[in-house]
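The next block holds one structure in the form of structure tokens; read it before the comments.
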Amino acid sequence: MTPLTIRSEDARVAYLATVYHLGRPGAEVDRETRRDEGTGLRAVSEALHAGMARAVTEVDLTPYQVTRLAEALAGLANEMKQYGIAGGRTAVPGLAVAMREVFPEVAADPGSALDVVQHVVMLRNRLAHTVDAARAEMAREAEAREAARKAAKRPWQIWKR
Numbered sequence: 065m066t067p068l069t070i071r072s073e074d075a076r077v078a079y080l081a082t083v084y085h086l087g088r089p090g091a092e093v094d095r096e097t098r099r100d101e102g103t104g105l106r107a108v109s110e111a112l113h114a115g116m117a118r119a120v121t122e123v124d125l126t127p128y129q130v131t132r133l134a135e136a137l138a139g140l141a142n143e144m145k146q147y148g149i150a151g152g153r154t155a156v157p158g159l160a161v162a163m164r165e166v167f168p169e170v171a172a173d174p175g176s177a178l179d180v181v182q183h184v185v186m187l188r189n190r191l192a193h194t195v196d197a198a199r200a201e202m203a204r205e206a207e208a209r210e211a212a213r214k215a216a217k218r219p220w221q222i223w224k225r
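Just so you know, the sequence shown maps onto residues 65 to 225 in our numbering.
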């Protein structure tokens, strides 16, 4: 687990990123098993929502969740630009409601969403080292699974290699 300690402003942005992520169809479906196994950002979203009022929020994330949060931040930056340009309209279910809750000034003036984009990008940049470490750990785990899978095969079953 990777402990993530972030300020209130960053927690609000990260929460919006999780709302954006969860609003997309199939966002919580595991890529390998094709099932929703609860390993995504749903629990992280709830923890961030509960901790937004505090000055500092600490959340424990798995390496998979760290990478998904980074992807969600990148998507949120694009969606925030669209939100500002389109006058407060978004195609992501629940994002407009969360925007009114988290950034009421942006809900009142959708054009100011473009100012929030810089916070999203700065948070993503601050998390870059953590994301790189999480990706490296996930790659090591994948290599270990592949080595175990190859070791479990019988040598005479060459067609399964």
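The C-beta atom is built at its ideal place from N, Cα and C for all residues, glycine as well.
Exposure of residue i, with buried meaning 16 or more beta-carbon neighbours within 10 Å
{"i": "V156", "result": "buried"}
{"i": "Q129", "result": "buried"}
{"i": "R76", "result": "buried"}
{"i": "M163", "result": "buried"}
{"i": "V108", "result": "buried"}
{"i": "P127", "result": "buried"}
{"i": "H85", "result": "buried"}
{"i": "V123", "result": "buried"}
{"i": "R132", "result": "buried"}
Per DSSP, cross-strand counterpart(s) of residue i
{"i": "T126", "result": "Looking at the DSSP assignment, T126 forms no beta bridge with any residue, so it has no partner."}
{"i": "T66", "result": "L125"}
{"i": "V120", "result": "R71"}
8 Å CB neighbourhood of residue i in its chain, flanking five on each side removed
{"i": "S72", "result": "M116, A117, R118, A119, V120 and T121"}
Chain-order list of residues whose beta-carbon lies under 6 Å from that of residue i (same chain, five-residue window excluded)
{"i": "G151", "result": "P174"}
{"i": "T227", "result": "Residue 227 is absent from the structure shown; the chain starts at 65 and stops at 225."}
{"i": "D179", "result": "none"}
{"i": "A177", "result": "M144, Y147, G148 and V170"}
Distance between beta carbons of residue j and residue i, contact taken as under 8 Å
{"i": "L112", "j": "T69", "result": "Their Cβ separation, rounded to whole angstroms, is 12 Å, which puts L112 and T69 out of contact at 8 Å."}
{"i": "L137", "j": "V184", "result": "6 Å"}
{"i": "L187", "j": "D74", "result": "5 Å"}
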